[in-house]
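Read the structure below first, then the notes.
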Amino acid sequence: MTKTLDDTQLEQKLIECRHQLHENPELAFEEYETTKALKRWLSEAGVEMLNLPLETGVLAVIRGGKPGPVICLRTDIDALPIQETTGLPFASKVPGKMHACGHDFHTVSILGATLLLNERAAELEGTVKIIFQPAEENGGGALKVLETGVLDDVQAIFGMHDMPHIPTGTIGIKPGALMAGVDQFTIDIEGIGSHAAAPEKGIDSILVASHIITALQSIVSRNISPLNNAVISVTRLEAGNTWNVLPQTAQMEGTVRTFQEHVRDQIPAKMQRVVEGVAAGLGAKGTLHYTKLGPALINNEKLTNWAVDTAKASGLNVITPIPSSAGEDFAEYMKKIPGAFFFMGVSGNSGLHHPDLIIDEKAILPSAKFFANLAADMLKKVSDL
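Numbering (my numbering), first residue to last: 14 to 398.
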């Protein structure tokens, strides 16, 4: 890549880069070839890279010609364990792996922003770090980056997720809660096995599990304020292995999604009360195993409002999006660094994580330009946070 590409040339280069990434998807913490490709593209453009003491991922930096704050643009680079069915000429060449969440789009958009910022370095009033983060999909990558300390001097951080249901040329910007906190739970039920023809001689773990599933929904409907948000979903129930035996044990697994931290903190105790109480009432034992995976993503109000002006000046249509109950480990950065996260429209043909997801590549260049403009604008403003 050169430093003097016009819009048409830059767009074509970024599309070519995306095709290469899309053909060669790599899962969380396995993004070795992706890392090599990014380093090559950045090096060819003369972009400085800093040491990132992780096996995968890249940290680039644009040092402005004028003194000022340090901000960060972040993108994620990992793929999903999904078999692609798009039939695209650049479809995944790796069986069982696919960029079904659009991280290849994220990556080349922020790559494009990096190249544009590098051309404008002399006019920038501060420093922009760009983190190409590994392992967003398993929720561990952001924490690994933070542990390295490479972002300790960052005063504001920005990122995005593509949204297939939002049209190309449109960006969703919203202060406050945008994406949910994500927790996982497993529930073990122990009853007494018996012949299916003589249920009175045992304690039916399937019946107990069924009552627990129903009772768990009362937490959201009756124990959480209707002014707050929560979802409790049981997604797996396993019990028994034949048709004429009532099994002694059953196991359930599921997820909890919340937008308010105080609600998130309440739910484990409420679930434990239901699990243990319902099981005991039916003569069984219920045990809850609860794991907090990632916090809700809460946008900084000032940064979000400032971003609206940049988006409009960049020619994007700005909407207020409906919050998503999906999770995003960008929220881990925002626990330590003020930040803003956006939904970028890509006019997709299906939802995220779907094996036939196809996005509109005409969204790449506008996204790259927006983030380049955003970085330049925010360097002038973040001292007012």
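Ideal placement from N, C-alpha and C gives every residue a C-beta, glycine not left out.
Quick check: residue i and residue j, are their CB atoms within less than 9 Å of each other?
i, j, result
"Ile123", "Ala320", "no"
"Ile95", "Gly139", "no"
"His174", "Ala104", "no"
"Tyr303", "Phe198", "yes"
"Ser363", "Pro177", "yes"
"Phe272", "Asn236", "no"
"Glu39", "Ala113", "no"
"Ile232", "Val167", "no"
"Asp196", "Arg277", "yes"
"Gly182", "Phe42", "no"
"Leu398", "Gly77", "no"
"Ile332", "Ile179", "yes"
"Ile75", "Ile144", "no"
"Ala148", "Thr69", "yes"
"Leu310", "Met192", "yes"
"Ala293", "Ile205", "no"
"Gln22", "Ala50", "no"
"Lys106", "Asn37", "yes"
Using a Cβ-Cβ cut-off of 7 Å (strictly less than) and excluding sequence neighbours within five positions of residue i, which residues of its own chain qualify?
i, result
"Leu65", "Val71, Leu72, Thr161, Val163"
"Leu101", "Ile371"
"Lys349", "Leu159"
"Asn131", "Lys16, Ala58, Gly59, Val60, Ile75"
"Pro212", "Leu259"
Hey, how far is the Cα of residue i from the Cα of residue j?
i, j, result
"Met284", "Leu329", "44 Å"
"Cys30", "Thr268", "35 Å"
"Val291", "Ala190", "33 Å"
"Val395", "His224", "52 Å"
"Gly194", "Gly299", "25 Å"
"Met14", "Lys52", "Low confidence applies here, because Met14 scores a pLDDT of 46, under 50, leaving its location unreliable; read the following figure in that light. In a straight line, the C-alpha of Met14 is about 12 Å away from that of Lys52."
"Leu159", "Pro334", "28 Å"
"Gly352", "Pro368", "31 Å"
"Thr317", "Pro260", "53 Å"
"Pro108", "Ser207", "44 Å"
"Val258", "Glu289", "24 Å"
"Asn254", "Asp201", "16 Å"
"Ala282", "Leu129", "50 Å"
"Leu55", "Ser238", "49 Å"
"Ala339", "Thr48", "26 Å"
"Phe343", "Met111", "21 Å"
"Ala228", "Ala243", "15 Å"
"Met347", "Ala169", "9 Å"
"Leu365", "Gln230", "26 Å"
"Glu136", "Leu63", "21 Å"
"Glu345", "Val221", "37 Å"
"Ser218", "Gly361", "43 Å"
"Glu61", "Thr262", "57 Å"
For residue i, would you say it is in contact with chain B, using Cβ-to-Cβ distances shorter than 9 Å as the test?
i, result
"Thr69", "No chain B appears in the structure shown, which is made up of a single protein chain."
Among the options, which has the Cα closest to the Cα of residue i?
i, options, result
"Ile216", "Thr255, Arg270, Leu295", "Leu295"
"Phe384", "Gly78, Glu43, Leu86, Pro82", "Leu86"
"Leu156", "Ile200, Asp89, Ile219, Pro80", "Asp89"
"Gly125", "Glu24, Ile350, Tyr346, Ala353", "Glu24"
"Lys315", "Thr48, Thr98, Ser218, Pro188", "Pro188"
"Ile245", "Ile205, Met111, Ile280", "Ile280"
"His116", "Glu345, Ile350, Glu341, Leu55", "Glu341"
"Pro308", "His275, Thr99, Ser327", "His275"
"Ala58", "Val141, Phe171, Ala222, Leu18", "Leu18"
"Pro336", "Ala210, Arg270, Thr127", "Arg270"
"Asn312", "Asn151, Pro82, Phe171, Asp165", "Phe171"
"Ala210", "Ser234, Ile219, Trp256", "Trp256"
"Glu203", "Glu97, Met357, Ser327, Leu301", "Leu301"
"Gly81", "Val141, Thr127, Glu97", "Val141"
CB-CB under 6 Å to residue i, same chain, minus the five flanking residues each way: which ones, in chain order?
i, result
"Phe355", "Met173, Ile184, Ile186"
"Glu251", "Gln264"
"Val247", "Ile226, Met265, Gly267"
"Thr323", "Asn386, Leu387, Asp390"
"Lys79", "Glu138"
"Ser327", "Lys382, Phe383, Asn386"
"Lys214", "Ser207"
Excluding sequence positions up to five away, which residues of its chain have a Cβ less than 8 Å from the Cβ of residue i?
i, result
"Arg133", "Ala385, Ala389"
"Ile377", "Glu24, Leu27, Ile28, Arg31, Phe118, Val121, Ser122, Gly125"
"Val359", "Gly115, Phe118, Asp175, Met176, Pro177, Ile179, Thr181, Ile372, Asp373, Ala376"
"Phe67", "The sequence shown places Leu at residue 67, rather than the Phe named in the question. The residues are Pro147, Lys157, Val158, Thr161."
"Lys325", "Val331"
Every unbroken alpha helix (DSSP H) inside the region 37-70 [4 residues or more]
45-57
At what residue ranges does the region 105-153 contain a whole run of the alpha helix (DSSP H), taking only runs of 4 or more?
116-132
Could you tell me which uninterrupted beta strand (DSSP E) segments, each at least 3 residues in length, are contained entirely in the region 155-220, listed from first to last along the chain?
169-176, 183-185, 189-192, 194-203
So within the region 262-308, which uninterrupted alpha helix (DSSP H) runs reach at least 4 residues, ignoring any that extend past its ends?
274-294
Please give me, in chain order, every unbroken run of the beta strand (DSSP E) with length at least 3 that falls completely inside the region 336-365.
352-358
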